Every structure is written in C-alpha cells, then in structure tokens.
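Sequences listed follow chains A and B, in order. 1 is the number of the first residue of the first sequence in the UniProt record's numbering; add one for each residue after it. 1 is the number of the first residue of the second sequence in the UniProt record's numbering; add one for each residue after it. Structure first, commentary second.
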Amino acid sequence: MSSSPLASASAIKQLQASSVDPSAFVANPQLDAQGHLRHFLTIDGLDRALLTDILDRAEGFLSVARAPVKKVPLCRGKIIANLFFENSTRTRTTFELAAKRLSADVLNLNISTSATAKGETLLDTLRNLEAMHVDMFVVRHSDSGAAHFIARHAAPHVSVINAGDGCHSHPTQSMLDMFTIRRHKGEIAGLKVAIVGDILHSRVARSQISALNTLGAAEVRVIAPRTLIPACAPEALGVRVCHDLREGVTDCDVIIMLRLQRERMTGGFLPSEHEYFYLFGLTEKRLASAKPDAIVMHPGPINRGVEMDSEVADGPRSVILEQVSNGLAVRMAIMSTCIGAQHSAGQSPEREAARD
Amino acid sequence: MTDGDIWQNAEQLETIMATMARDLQTRCQERGIDRPLMVGIHTGGVWVAERLHQLLGLEEPLGFLDISFYRDDFTRIGLHPQVHPSELPVAVDDRAVILVDDVLQSGRTIRAALNVLFDYGRPSQVLLAILAERDGRELPINPDVVGLHAELAHGNHIKLSGPEPLRLEQRAAPKDQP
C-alpha cells in the first residue's frame, strides 16, 4: 500500500499523549483536535476503530426503518445541503432520505443548472449557503479532490461528506458495502474479497479496497482486463491482480461487481459489451468456484448481461437490494457522527455517565 | 470509569424489587389496569424491568426502548456508538404501559423515552417505575413507583451495574468536573 499523507485518529491521540510537537504532524483534515470525525471525505487515513464505530452506529439506525415513525430527532434544526455537481438520482435520494430520517431540513441543489452556470464561483455559492446556516454539505463532483477542496474552504461549523469525487473516492458507498459484508459474514477480518470490473476509473473500488485493508480482510483481489487495472495496483492498492474471472473468484467469501460505464466500451478500453460479458460477466457457473456461502454485491445500477447474469443478480447469493437499504442506515450513522462531533469537543464521557 | 462503592447489593435489590412489584400491582388495581405492557429503558432499566416482569407474571413479552436517538444533549456529547434497537412486542395504541428505568435524576431520559414511546403509538396511560430516584430534577417528571430514594453528596451519582449480579454503586464525580 502507498503511505497516506493523512493521519489516523489513533495516531493523533498517540501524538497528543507524547512530547512530540503536534505542529510537526500533518493532521487528517477529516478529524478534529479530539480525533472526532468532522468531515467524511475518504477512507484513507481513518483507522479501524473509527470505521468500526461507524458500522456499529449504523446497526442502531437499521431499527429506524422498522419503526412506525421512520424518523428520529437527532438532527432536528440542522440543515443539510446536497450539492450535486454530477447527476446521480439514486445516491442523492439515499442521502436525502437519510437526512430526513434524522429530521434535518434538506436542500437539494443541482449545481449544473443553478448559480455556477450563471457565472457564480463555487466559493461564492458556498458562502451563500453558509449564510443560510447550512450545517453540512454532501458533495458529488466529477473532479477528484472536489470534496477536500470544499472542506478546506468551509466554515468551521460546517461538515462535508464526499458523495463521490471523480475517480478518487466514494467513502459512504464503501462503508455500506462493509456494513453489508459484516452483517452476512460477522467480521471483515480474514475474508477473501474479489472486486470485478473497471478498477482503473472506479472511485467505489478505491474506497472499498482501502476499507477492506483497514478492516483486516485476508486478501483483496481485483479482476478485470489489463486495460482496466492500473499497472501499479499490487503495490499502490495492496491487492492481488487477476485477469481470469474463474480463477479470481476461487475460494472467495465476497464478490463485488462494479458497474461498467458504457463510454468505456467505445473509449478503447474494451472491444465490446458482449466480449466483456463473455470473459468477465458473472454467471452461476463461474460463481461455483467461490465459497458455497459467498455473497454477490453490486453498487448499482446493474447492466444485466454485461456485468452479470440476471440469474445471479436476482439469485439467492445476491445482496444487492440489501445494500440499498443498508446505505440509508450507514449514511445516517455518518451524518450524525459528523454533526455530533461539531459541538462535542471537550465533553467527557464521564459527563454522559453522570446524566440519567 | 472506575468501580464505585456498592450501595445496594443483589440481595437488597431483590427485596426492593419485590416491594416495587407489589406497589405496581396496587397502582394497576387502583387505575383499573389488568394487562399492562412493561417496557424497560436500555440498559439498566431493562435489567430492572426483566425482574419486575417476572415477579408480576406478565404474559406478554417485555418491550425495550433505547433513547440514544432522542437525547437532547446529542449535539453536545455526540452519539453513543452502541445503540440497542428499540423493540415493542405489540402495538402500544390504547395500552397501559409500565415504563421502567434504573435511576431517575434530571428526568431527561424519561422525557426522551416518552417521545420514543409515542412514535410507536398512543398508549392509554403510562406508569413510571424507578429503582432509585435522587435529587436533581430538571423536568416535571414524577415516578408512580420508586424502590429507593438516594441522598448523595453534590456531584456524586449512582449507577446500576449488572446484569449478574445487579448492584447499585455510588460513584464520585470526576475531579476535573465542576
């Protein structure tokens, strides 16, 4: 794995406990001085304890969907703005619903058709939203690093969640995948996980690989044509590379299929959809070489007959629809963790214990 | 958090809860309640409710409430990572509910628990049973049945440890706290 410039929460705590000058340390911009999660921009640099905390919190939020009133008042009075510079109805809807289940007020801004299209700069847009007392920005952008940029320029009381930036990161998607795996397998540690598809361009894959490695997966394999895997993948991502699907899924506990963007078919990366499915499409026959209790995942929307057969997508080992339901609970956990951290600095656990 | 002094041990608590069960029976008779639904508040309240449920011989399963998502101090202290799902075995509409908690101080937990309960339906009435109440009320919450009244030094608090064995502990306030 490549070393990350971001520091983990435990590293910051160790640093604070030591005599080392903290100013000499490049802190993780996602964490506040107490190591609490203020922004959720990438999995990189977050430690196992923090990721596990988010997954544990999400377990509690699953029950909200089963209650007669599918709302809790945690974020009542907070304003969450969905800033989608890139279209995504599905992801925006889950963030919106997650925020509404936390009782927050939600603003949906389709930036491509609003202020920035009229010439207003991104920072002007941010300042205007901050003047409306927005507490959180959920950002999707086609440029890698956009969410980091916004977090760097946001007011101190505002949290930023990355809902997907370029080819870089999609941390909430990877966390809902980890949550789904954990619910089926109990633990991430020790699992063999195969990720199949366009690794080269996939922000989802990057975040999944980072989360799987942090949470202790035994082996992460990436399976794709040579044109869709970065040459440096084994060293840079800490994965094993396979170009044969059957070999790649052998003895795997989890198989994550990635969505193939149609433009890749004409971009010189692949000869055709038909050939891709012939070599890398998941069928029941190919699935047979995975462990008998292996689960199949996909971030959606599925290209049936390209990434996988309908027989697999709708089969007993598919957990694709569960991923969608789990996505709400995980996003509620991440949003409430960040908003809870906005004002929790300096509070002691002893104080909580002292209240009835 | 370090262990505190044991204020009431398991044997003493058993006697106290037997008295609470008798008091609850009396209150139910006075109010014409014949099939109360018992609900414990996580975590200590559930331990007390389990024993009271057994002593009263209630047939319907016990309900559980977690108030973490309804705390009014969330934005000051953040969210607890371990939230137990609330579970009510039957609909609460038009039912008499006995709400059980271990310690009553400010009353904010009970206020939150009532909010959770009313998100599940509209009970006909709610009785409140508390193992130990102490000074420090911040809201107008008054229990119907109380096991113990605690008089504590300023800043000290009491906590139920359990579930096996159950014991009430007195704990001193952390030195760096006001």
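Glycine included, C-beta positions come from ideal geometry on N, C-alpha and C. Bear in mind the structure is a predicted one, so any value in this text is a computation, not a measurement.
Cβ-based burial, residue i [other Cβ within 10 Å; buried from 16]
i, result
"A/G190", "exposed"
"A/A155", "exposed"
"A/C75", "buried"
"A/P299", "buried"
"A/N326", "buried"
"A/G340", "buried"
"A/C338", "buried"
"A/R38", "buried"
"A/F277", "buried"
"A/F25", "Here A/F25 scores only 41 on pLDDT, less than 50, and its place in the model is too uncertain to base an answer on."
"B/Q82", "exposed"
"B/E29", "According to the sequence provided, residue 29 of chain B is Gln. The question's Glu does not apply to it. It counts as exposed."
"A/L215", "buried"
"A/K70", "exposed"
"A/R57", "buried"
"B/E133", "buried"
"B/M38", "buried"
"A/V134", "buried"
"B/D5", "exposed"
"A/T305", "Before going on, a small fix: residue 305 of chain A reads as Gly here, not Thr. By the neighbour-count rule (16 or more Cβ atoms within 10 Å), A/G305 is not buried but exposed."
"B/A91", "exposed"
"residue 366 of chain A", "Here chain A covers residues 1 to 356 and nothing more, so residue 366 of chain A does not appear."
"A/R152", "exposed"
Top-ranked residue by Cα proximity to residue i, from the options
i, options, result
"A/R140", "A/E130, A/A154, A/L109", "A/L109"
"A/I302", "A/R206, A/G197, A/L328", "A/G197"
"A/E86", "A/I111, A/S103, A/A104", "A/I111"
"A/P225", "A/D251, A/D253, A/I195", "A/I195"
"A/R221", "A/A231, A/K192, A/A147", "A/K192"
"B/P61", "B/E87, B/V48, B/I67, B/F69", "B/E87"
"A/D293", "A/N28, A/L328, A/V254", "A/V254"
"A/D44", "A/R57, A/I181, A/A27, A/D56", "A/A27"
"B/Y70", "B/L168, B/V116, B/T19", "B/V116"
"residue 357 of chain A", "A/L228, A/E235, A/C242, A/D244", "Residue coverage of chain A in this structure runs from 1 to 356, which leaves residue 357 of chain A outside it and unanswerable."
"B/A153", "B/V146, B/L168, B/A173, B/G4", "B/A173"
"B/Q12", "B/L114, B/L148, B/D34, B/S106", "B/L148"
"A/R317", "A/L287, A/S88, A/I334", "A/L287"
"A/S169", "A/H157, A/G238, A/G145, A/S88", "A/G145"
"B/E164", "B/Q170, B/D23, B/L56, B/E50", "B/E50"
"B/G32", "B/I41, B/D66, B/M17, B/A96", "B/A96"
"A/I188", "A/N213, A/C167, A/I199", "A/N213"
"B/H84", "B/R122, B/M17, B/G45", "B/G45"
"residue 357 of chain A", "A/I150, A/D124, A/I295", "The shown model of chain A, from 1 to 356, leaves out residue 357 of chain A, and the question about it has no answer."
"A/L83", "A/T52, A/A65, A/E130", "A/E130"
"A/L245", "A/L282, A/I256, A/C232", "A/L282"
"B/G57", "B/R27, B/F74, B/G40, B/A21", "B/A21"
Residue i - partner residues in DSSP beta bridges
i, result
"B/Q125", "B/A96"
"A/R304", "A/M308"
"B/I6", "B/E169"
"B/L37", "B/V97"
"A/F84", "A/N110, A/R140"
"A/V222", "A/I195, A/V241"
"B/L65", "B/I41"
"A/I161", "A/F40, A/V138"
"A/M257", "A/V196"
Delimiting residues of the beta strand (DSSP E) encompassing residue i
i, result
"A/S207", "Per DSSP, A/S207 belongs to no beta strand (DSSP E); it is in the alpha helix (DSSP H), 203–214."
"A/D105", "105–110"
"B/Q170", "167–171"
"B/V90", "Per DSSP, B/V90 belongs to no beta strand (DSSP E) and is neither H nor E."
"B/H80", "Where B/H80 is concerned, there is no enclosing beta strand (DSSP E), given that its DSSP letter is neither H nor E."
"A/L74", "A/L74 -> no beta strand (DSSP E), and no H or E assigned at all."
"B/L160", "157–161"
Span of the alpha helix (DSSP H), counted from its first residue to its last, around residue i
i, result
"B/C28", "10–31"
"A/M175", "171–185"
"B/A150", "No alpha helix (DSSP H) contains B/A150, which is instead part of the beta strand (DSSP E) from 145–150."
"B/L58", "Where B/L58 is concerned, there is no enclosing alpha helix (DSSP H), given that its DSSP letter is neither H nor E."
"A/H148", "146–153"
"A/H274", "273–280"
"A/V319", "Careful: A/V319 lies outside any alpha helix (DSSP H) and carries neither H nor E."
Proximity test, residue i beta-carbon vs the ligand GDP heavy atom, cut-off 6 Å
i, result
"A/F149", "What this structure holds is no ligand at all, so the ligand GDP is not there to describe."
Chain A contacts from the stretch 56–69 of chain B (Cβ-Cβ distance under 8 Å) = D66, S68, F69
message = Beta carbons nearer than 8 Å to chain B: which residues of the stretch 23–53 of chain A have them?
response = H36, D53
ask   = Going along the stretch 312–341 of chain A in order, which residues come within less than 9 Å of chain B, judged by CB to CB distance?
value = Cβ contacts with chain B: A333, S336, T337, I339, G340, A341.
query = Between the stretch 71–96 of chain A and chain B, which residues of the former have CB atoms less than 7 Å from a CB of the latter, in chain order?
reply = V72, P73, L74
message = What are the residues in the stretch 134–160 of chain A lying within 8 Å of chain B by C-beta distance?
response = none
task = Scan the stretch 169–198 of chain A for residues whose Cβ lies nearer than 9 Å to a Cβ of chain B and list them as they occur along the chain.
result = For the stretch 169–198 of chain A, there are no residues whose beta carbon sits under 9 Å from a beta carbon of chain B.
message = Against chain A, which members of the stretch 114–131 of chain B pass a CB distance test of less than 8 Å?
response = N115, D119, Y120, G121
request  = Report the residues of the stretch 28–56 of chain B with a CB closer than 9 Å to any CB of chain A, ordered along the chain.
outcome  = Listed by position along the chain: nothing, the set is empty.
ask   = Between the stretch 9–25 of chain B and chain A, which residues of the former have a C-beta closer than 9 Å to a C-beta of the latter?
value = none
query = Taking Cβ-Cβ distances below 8 Å as the criterion, which residues of the stretch 72–86 of chain B are in contact with chain A?
reply = Taking 8 Å as the Cβ-Cβ cut-off against chain A, the residues of the stretch 72–86 of chain B that qualify are D73, F74, T75, R76, I77, G78, L79, H80, P81, Q82, V83, H84, P85, S86.
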